[in-house]
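Trainee: Heads up, the sequence shown is in our numbering, so the first residue is 249 and it goes up one at a time.
Below you'll find the structure I mean.
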Amino acid sequence: MSESPDNAGALISNLESLRIPSEYKRYPDLEDNDILTTWREEAEQNLLALKAIVKSARKDGSSTLALNQKAAVVAAVAQFDGEGPWVSSTSKGAANDILNHFQDTVTELLPQILSEHLKPIFRTNPHPLLHTSTGRKLPRPAGGPLASSDYYESQSWKDHPGAPNLVSWCVRHIPNDYWDELWHLIIPPIMSLLDDYEAKYKVQGAKIVSEMLRIVPRTVLKRTGIDGLLNTSLQTCLAHLQRPESATLIREAIPASVSLATLTTDQGSQDRFDHLSALLGDGIIGGIWLYSSLDLAAVEASVEALPLVIDALGLGCTRFLKALIPQLVHPLSQNNTSSVIDFQLHSTRALGHVIGACAPRMHRWKCSIVDAVGRCWVATQDATVELLRSKLVDVCDKLAQACPSVIQEEYQLLYAVQPALFTDLVGDIIHRSSDALSIEVPS
Numbered sequence: 249m250s251e252s253p254d255n256a257g258a259l260i261s262n263l264e265s266l267r268i269p270s271e272y273k274r275y276p277d278l279e280d281n282d283i284l285t286t287w288r289e290e291a292e293q294n295l296l297a298l299k300a301i302v303k304s305a306r307k308d309g310s311s312t313l314a315l316n317q318k319a320a321v322v323a324a325v326a327q328f329d330g331e332g333p334w335v336s337s338t339s340k341g342a343a344n345d346i347l348n349h350f351q352d353t354v355t356e357l358l359p360q361i362l363s364e365h366l367k368p369i370f371r372t373n374p375h376p377l378l379h380t381s382t383g384r385k386l387p388r389p390a391g392g393p394l395a396s397s398d399y400y401e402s403q404s405w406k407d408h409p410g411a412p413n414l415v416s417w418c419v420r421h422i423p424n425d426y427w428d429e430l431w432h433l434i435i436p437p438i439m440s441l442l443d444d445y446e447a448k449y450k451v452q453g454a455k456i457v458s459e460m461l462r463i464v465p466r467t468v469l470k471r472t473g474i475d476g477l478l479n480t481s482l483q484t485c486l487a488h489l490q491r492p493e494s495a496t497l498i499r500e501a502i503p504a505s506v507s508l509a510t511l512t513t514d515q516g517s518q519d520r521f522d523h524l525s526a527l528l529g530d531g532i533i534g535g536i537w538l539y540s541s542l543d544l545a546a547v548e549a550s551v552e553a554l555p556l557v558i559d560a561l562g563l564g565c566t567r568f569l570k571a572l573i574p575q576l577v578h579p580l581s582q583n584n585t586s587s588v589i590d591f592q593l594h595s596t597r598a599l600g601h602v603i604g605a606c607a608p609r610m611h612r613w614k615c616s617i618v619d620a621v622g623r624c625w626v627a628t629q630d631a632t633v634e635l636l637r638s639k640l641v642d643v644c645d646k647l648a649q650a651c652p653s654v655i656q657e658e659y660q661l662l663y664a665v666q667p668a669l670f671t672d673l674v675g676d677i678i679h680r681s682s683d684a685l686s687i688e689v690p691s
């Protein structure tokens, strides 16, 4: 059954009305956003109308739309399946309903969506380190030493604000055995976002990279050399500091970098150790903590993501303890204002992971940790910080497991100073230890 001319005309008109205005790329910096607000409201109605068109074009459980029409619908609607000032809860819900109609045909739609709708958006700005026909990393920038500066001069893809959402949708729907076939179409826009000079696009790129690393085969990344290119780009993200989006970028880039390391290197290998050591030593400690020490939001973001790095690197973290412990205990001595409490929560959580990973070295740091935890405990007698208090207890418990001598020495000293104050912090740990020592071992 073919689609009626009236429906075809309505479909074309509707898709044109869903073309996201390029002005959204400057949102919210525009002086007058009323026009864009009006457009967003109209887009809600247009999506609901498109939903009705798509629903009416179904017979016997399948769509009567032609392949190119389906691809055009998905390419337009997927730009509302994500974040953006043009997206509302209504438009996102309608977009999801429409996209669900094409779940069974995603595999046949993806090549056309990528080649006919996404590729033209980024075609005028080819990434200087990518071979456009294969998606492989080039040994040197195409166009010579000035290629990078030329690359940033004309970025027409930014006139398509919804393009990152479309890239994300495509990444999330590529079947495992189709990555080889579609690689040269999907990796260029990802790298364009990740390597852009504006932090907001780097954030979008890092998010998409994380999505990709959950499903892309390791062999594709290794064979094309994109694993190394991604590593360099994600490290660059961590150096993109002193910007409003820096904290958000750090929260996205660190997990993506850890995922890249665990996917492309072997457990216990020198490559994995080098990758994660560079992330922790150069990216976080030697980068964020050194050059953004006054940017508390950026430092907090790095501490929030730190447990992922610690768990992946394991005992290899010991070489960084001289930087890790002082940084993590420092926030615990700050006044418990609302802005600091979250930082303290992230610090205690990260501290617990460090203690667990580096247990054999904790005897050297137990005094510093107990001192900071004790000071923070004294300052957190308010019931509103109960979660922080429970995290402090967790730190003490983990420290006791890693370094049992702390129980009879530092914990006993704390308890003796003011039992009523420190009972909830270390009392149970001391009593459990005493009970264990009092148990007679049968001969």
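Where a beta carbon is used, it is the ideal one built from N, C-alpha and C, also for glycine.
These numbers come from a predicted model, not from an experiment.
How big is the Cα-Cα spacing for residue 488 and residue 347?
Mentor: Residue mapping note: residue 488 aligns to position 240 of the sequence shown, counting from 1. Residue mapping note: residue 347 aligns to position 99 of the sequence shown, counting from 1. Their Cα atoms are separated by approximately 35 Å.
Trainee: Compute the Euclidean distance between the alpha carbons of residue 532 and residue 300, then round it to the nearest angstrom.
Mentor: As a first step, residue 532 is located in the sequence shown; it is residue number 284 there, counting from the start. As a first step, residue 300 is located in the sequence shown; it is residue number 52 there, counting from the start. Computed Cα separation, rounded: 50 Å.
Trainee: For my contact list, residue 482 and residue 517 are in at a C-beta cut-off of 8 Å; report their separation, rounded to the angstrom.
Mentor: For this step, residue 482 is matched to residue 234 along the sequence shown. For this step, residue 517 is matched to residue 269 along the sequence shown. Between residue 517 and residue 482 the Cβ distance is about 19 Å, and since that is not below 8 Å, they are no contact.
Trainee: Just the C-alpha distance for residue 473 and residue 387, rounded to the nearest angstrom, thanks.
Mentor: Here residue 473 refers to the residue found at position 225 when the sequence shown is read from its first residue. Here residue 387 refers to the residue found at position 139 when the sequence shown is read from its first residue. If I take the Cα positions, the gap works out to 10 Å.
Trainee: Do residue 416 and residue 330 count as a contact pair if the criterion is CB distance below 8 Å?
Mentor: In the sequence shown, residue 330 corresponds to position 82, counting from 1. In the sequence shown, residue 416 corresponds to position 168, counting from 1. The answer is yes: Cβ separation under 8 Å.
Trainee: With respect to 7 Å, is the separation between the Cβ of residue 622 and the closest non-hydrogen atom of the ligand MG below this value?
Mentor: For the structure depicted, the ligand MG is absent and the ligand set is empty, with no information on it obtainable.
Trainee: When the Cα atoms are used, what is the spatial distance from residue 512 to residue 469?
Mentor: Here the question's residue 512 lines up with position 264 in the sequence shown. Here the question's residue 469 lines up with position 221 in the sequence shown. Approximately 8 Å between the Cα atoms of the pair.
Trainee: Nearest to residue 462 by CA position, among 508, 445, 555, 478, is which residue?
Mentor: Locating residue 462 in the sequence shown gives position 214, where the first residue counts as 1. Of the candidates 508, 445, 555, 478, the one whose C-alpha sits nearest the C-alpha of residue 462 is 508.
Trainee: Whose CA, out of 343, 284, 268, 285, lies closest to the CA of residue 297?
Mentor: Position 49 of the sequence shown, counting from 1, holds the residue named residue 297. Closest option to residue 297, Cα to Cα, is 343.
Trainee: Considering only the alpha carbon of each residue, which of 595, 638, 324 lies closest to residue 573?
Mentor: Start at 1 with the first residue of the sequence shown, and residue 573 comes out as number 325. That would be 595, whose Cα lies nearest to the Cα of residue 573.
Trainee: Could you please give the first and the last residue of the uninterrupted alpha helix (DSSP H) stretch that includes residue 693?
Mentor: Residue 693 is absent from the structure shown; the chain starts at 249 and stops at 691.
Trainee: Using the Cβ count rule (16 or more neighbours within 10 Å means buried), how would you classify residue 668?
Mentor: For the purposes of this step, residue 668 is taken as residue 420 along the sequence shown, with counting starting at 1. It counts as exposed.
Trainee: Output needed for residue 563: all residues of its chain with C-beta closer than 7 Å, excluding positions within five of it in sequence on either side, in chain order.
Mentor: Taking the first residue of the sequence shown as position 1, residue 563 is located at position 315. The answer, listed in chain order, is 605, 606.
Trainee: Give the straight-line distance between the Cα atoms of residue 367 and residue 437, rounded to the nearest whole angstrom.
Mentor: Sequence index remark: in the sequence shown, residue 367 carries index 119 (1-based). Sequence index remark: in the sequence shown, residue 437 carries index 189 (1-based). Spanning the two alpha carbons is a distance of roughly 8 Å.
Trainee: Give a yes or no on whether the C-beta atoms belonging to residue 591 and residue 528 are separated by under 8 Å.
Mentor: On the sequence shown, residue 591 is found 343 positions in, with the first residue counted as 1. On the sequence shown, residue 528 is found 280 positions in, with the first residue counted as 1. No, the Cβ-Cβ distance between residue 591 and residue 528 is not below 8 Å.
Trainee: Kindly list the residues whose CB is nearer than 6 Å to the CB of residue 334, restricted to its own chain and excluding five residues on each side of it in sequence; keep chain order.
Mentor: For this step, residue 334 is matched to residue 86 along the sequence shown. Excluding positions up to five away in sequence, the list reads 268, 272, 288.
Trainee: Does the beta-carbon distance from residue 458 to residue 503 come in below 8 Å?
Mentor: The count along the sequence shown starts at 1 and reaches residue 458 at position 210. The count along the sequence shown starts at 1 and reaches residue 503 at position 255. In this structure, residue 503 lies closer than 8 Å to residue 458 by Cβ.
Trainee: Considering only C-alpha positions, which residue in the set 603, 520, 423, 312 is nearest to residue 465?
Mentor: Against the sequence shown, residue 465 aligns to sequence position 217. For the residues 603, 520, 423, 312, the minimum Cα distance to residue 465 belongs to 423.
Trainee: Quick check on residue 680: buried or exposed, where buried means 16 or more other Cβ atoms within 10 Å of its Cβ?
Mentor: Counting from one through the sequence shown, the residue named residue 680 turns up at place 432. Answer is exposed; the Cβ neighbour count stays below 16.
Trainee: Compute the Euclidean distance between the alpha carbons of residue 443 and residue 362, then round it to the nearest angstrom.
Mentor: Within the sequence shown, residue 443 is the residue found at index 195, counting from 1. Within the sequence shown, residue 362 is the residue found at index 114, counting from 1. Rounded to the nearest angstrom, the two C-alpha atoms are 20 Å apart.
Trainee: Considering only residues of the same chain and omitting the five flanking positions on each side of residue 675, which have a CB-CB separation below 7 Å?
Mentor: In the sequence shown, the residue the question calls residue 675 occupies position 427. Cβ neighbours of residue 675 beyond the five flanking positions: 663.
Trainee: Determine the closest residue to residue 485 out of 520, 449, 310, with distance taken between C-alpha atoms.
Mentor: The residue given as residue 485 occupies position 237 in the sequence shown. Nearest of 520, 449, 310 to residue 485, Cα basis: 449.
Trainee: Which first and last residues belong to the alpha helix (DSSP H) in which residue 439 is found?
Mentor: On the sequence shown, position 191 is the one that residue 439 refers to. Start and end: 427-442.
Trainee: Is the beta carbon of residue 547 less than 8 Å from the beta carbon of residue 496?
Mentor: Working through the sequence shown from its first residue, we reach residue 547 at position 299. Working through the sequence shown from its first residue, we reach residue 496 at position 248. No.
Trainee: Could you tell me which residues DSSP pairs with residue 378 in its beta bridges?
Mentor: What you label residue 378 is simply residue 130 of the sequence shown in a count that begins at 1. The partner list for residue 378 (beta bridge, DSSP) reads 385.
Trainee: Between which two residues does the alpha helix (DSSP H) carrying residue 485 extend?
Mentor: Residue 485 sits at position 237 when you count from the first residue of the sequence shown. Residue 485 -> alpha helix (DSSP H) spans 474-486.
Trainee: Around the C-beta of residue 445, are 16 or more other C-beta atoms found within 10 angstroms, so that it is buried, or is it exposed?
Mentor: Counting from 1 along the sequence shown, the entry for residue 445 is found at position 197. The residue in question, residue 445, is exposed, as its Cβ has fewer than 16 Cβ neighbours within 10 Å.
Trainee: Who are residue 310's beta bridge partners in DSSP?
Mentor: For the purposes of this step, residue 310 is taken as residue 62 along the sequence shown, with counting starting at 1. Residue 310 is bridged to 307.
Trainee: Alpha carbon to alpha carbon, what distance is there between residue 490 and residue 543?
Mentor: What you label residue 543 is simply residue 295 of the sequence shown in a count that begins at 1. What you label residue 490 is simply residue 242 of the sequence shown in a count that begins at 1. Their backbone Cα atoms lie some 7 Å apart in a straight line.
Trainee: Can you list the alpha helix (DSSP H) stretches of 4 or more residues lying completely in the region 602-645, in chain order?
Mentor: DSSP runs (the alpha helix (DSSP H)) wholly in the region 602-645: 614-626.
Trainee: Determine the DSSP secondary structure at residue 541, reduced to helix, strand or coil.
Mentor: Here residue 541 refers to the residue found at position 293 of the sequence shown. Looking at residue 541 - three-state DSSP - the assignment turns out to be coil, as it is neither helix nor strand.
Trainee: Does residue 361 come out as helix, strand or coil in the three-state DSSP assignment?
Mentor: As a working mapping, residue 361 is identified with position 113 in the sequence shown. Note: residue 361 maps to helix in three-state DSSP.
Trainee: If we ignore side chains and look at the alpha-carbon of each, how far apart do residue 522 and residue 530 end up?
Mentor: Along the sequence shown, one-based indexing puts residue 522 at 274. Along the sequence shown, one-based indexing puts residue 530 at 282. Spanning the two alpha carbons is a distance of roughly 11 Å.
Trainee: For residue 558, which residues of its own chain have a beta-carbon under 6 Å away from its beta-carbon, when the five flanking residues on both sides are left out?
Mentor: Counting from one through the sequence shown, the residue named residue 558 turns up at place 310. Answer for residue 558: 565, 601, 602, 605, listed in chain order.
Trainee: Where do the N-terminal and C-terminal ends of the alpha helix (DSSP H) with residue 348 fall, by residue?
Mentor: Your numbering for residue 348 matches position 100 in the sequence shown. Start and end: 337-348.
Trainee: Are the CB atoms of residue 432 and residue 358 within a distance shorter than 8 Å?
Mentor: Walking along the sequence shown from the start, residue 358 turns up at place 110. Walking along the sequence shown from the start, residue 432 turns up at place 184. Contact: no.
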